[in-house]
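In what follows, a structure is listed as structure tokens, so that the remarks can point back to it.
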Amino acid sequence: GAVVSQHPSWVICKSGTSVKIECRSLDFQATTMFWYRQFPKQSLMLMATSNEGSKATYEQGVEKDKFLINHASLTLSTLTVTSAHPEDSSFYICSASEGRYTEAFFGQGTRLTVV
Amino acid sequence: AQSVTQLDSQVPVFEEAPVELRCNYSSSVSVYLFWYVQYPNQGLQLLLKYLSGSTLVKGINGFEAEFNKSQTSFHLRKPSVHISDTAEYFCAVTKGYTGFQKLVFGTGTRLLVSP
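Chains A and B, in that order, are what the protein sequence lines are.
Residues in the first sequence are numbered from 1 upward in steps of one, following the numbering used here.
Residues in the second sequence are numbered from 116 upward in steps of one, following the numbering used here.
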């Protein structure tokens with residue numbers, strides 16, 4: 001299958017700082033990318049959907065000013081957690097797809113710990 | 116809205132024994148159903164999917180699943196497991212018309228295969 005690379009795999013940051021997570025499709029053009037969040041022993045929850053060149057669509061309850069998503073190219077989407085707090089500590093996973101009826105491939109996830 | 120229930124958080128099994136991982140969904144519209152596997156420190160990999168047609172779906176690594184509309188279930192089975200099947204397994208659903216988009220995941224089942 002296609003490869004989606006997510007970076008970093010883990011990050012520790014201080015409360016109040018911002019953290020950027022990158023999601024890259026290495027061998028295909030991703031018109032759509034998705035960002036999920038997973039708390040321990042819970043489901044992956046869709047946070048937002050981003051289409052290349054347009055604003056992201058956020059799911060209900062997700063703060064768009066806190067979780068900034070940029071999808072500036074067909075191979076890269078970024079998620080920036082602004083002014084991170086300990087409650088933002090979680091596992092963040094991205095996936096990328098060439099189209100609606102095309103399989104979405106997942107990155108390996110990023111473990112964010114805010115101290 | 117769709118939802119997915121994976122009743123078993125953990126399933127221990129001996130090598131070469133059969134296994135069934137249970138998944139039930141709820142939706143008022145036609146759905147697509149998926150099983151993903153996540154190995155430690157890796158992203159999610161698609162095992163198999165049901166879109167339409169035959170209710171018995173065969174996937175990779177010897178896994179199969181059966182779509183049962185009347186029982187709203189999509190249980191995953193393997194007749195003989197290997198140590199290497201130890202991983203986290205996620206069932207997911209989307210509304211049919213959204214294709215692979217907006218996956219709704221279950222909480223996951225950890226399959227533990229011991230010698």
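Here a beta-carbon is modelled for each residue, glycine too, at the ideal position from N, C-alpha and C.
Residue 20 of chain A is bridged by DSSP to A:80.
For residue 146 of chain B, the closest of B:119, B:156, B:159 by C-alpha to C-alpha distance is B:119. Within chain B, no residue has its CB atom less than 7 Å from the CB of residue 52 of chain A, the nearest being about 15 Å off. If you draw a straight line from the Cα of residue 190 of chain B to the Cα of residue 83 of chain A, it is about 42 Å long. C-alpha of residue 194 of chain B to C-alpha of residue 131 of chain B: approximately 8 Å in a straight line. DSSP lists B:119 as the bridge partner or partners of residue 140 of chain B. Our two residues, residue 173 of chain B and residue 21 of chain A, have alpha carbons roughly 35 Å apart in a direct line. Counting along the chain, residue 191 of chain B sits inside the beta strand (DSSP E) bounded by residues 188-193. About 5 Å separates the CB atoms of residue 226 of chain B and residue 126 of chain B; that is less than 8 Å, so the two are in contact. For residue 218 of chain B, there is no enclosing beta strand (DSSP E), as DSSP marks it with neither H nor E. In the assembly as shown, residue 37 of chain A is a buried residue. Its beta-carbon has 16 or more other beta-carbons within 10 Å. For chain B, the residues of the region 31-59 of chain A that bring a beta carbon within less than 9 Å of one of its beta carbons are 32, 34, 36, 38, 41, 42, 43, 44, 45, 46, 49, 59, in chain order. A distance of 8 Å or more separates the beta carbons of residue 107 of chain A and residue 13 of chain A. Look at the beta carbons and you see the region 90-109 of chain A not touching the region 181-190 of chain B: under three pairs across the two are nearer than 8 Å. Counting along the chain, residue 31 of chain A sits inside no beta strand (DSSP E), nor does DSSP assign it H or E at all. About 17 Å separates the beta carbon of residue 11 of chain A from that of residue 158 of chain B, a gap too long to meet the 8 Å contact definition.
Here residue 199 of chain B carries a helix assignment [DSSP, helix/strand/coil]. Taking 8 Å as the threshold, the shortest C-beta distance from residue 93 of chain A to chain B falls below it.
The Cβ atoms of residue 18 of chain A and residue 110 of chain A lie no closer than 8 Å to each other. Between the alpha carbons of residue 114 of chain A and residue 8 of chain A lies a distance of about 14 Å.
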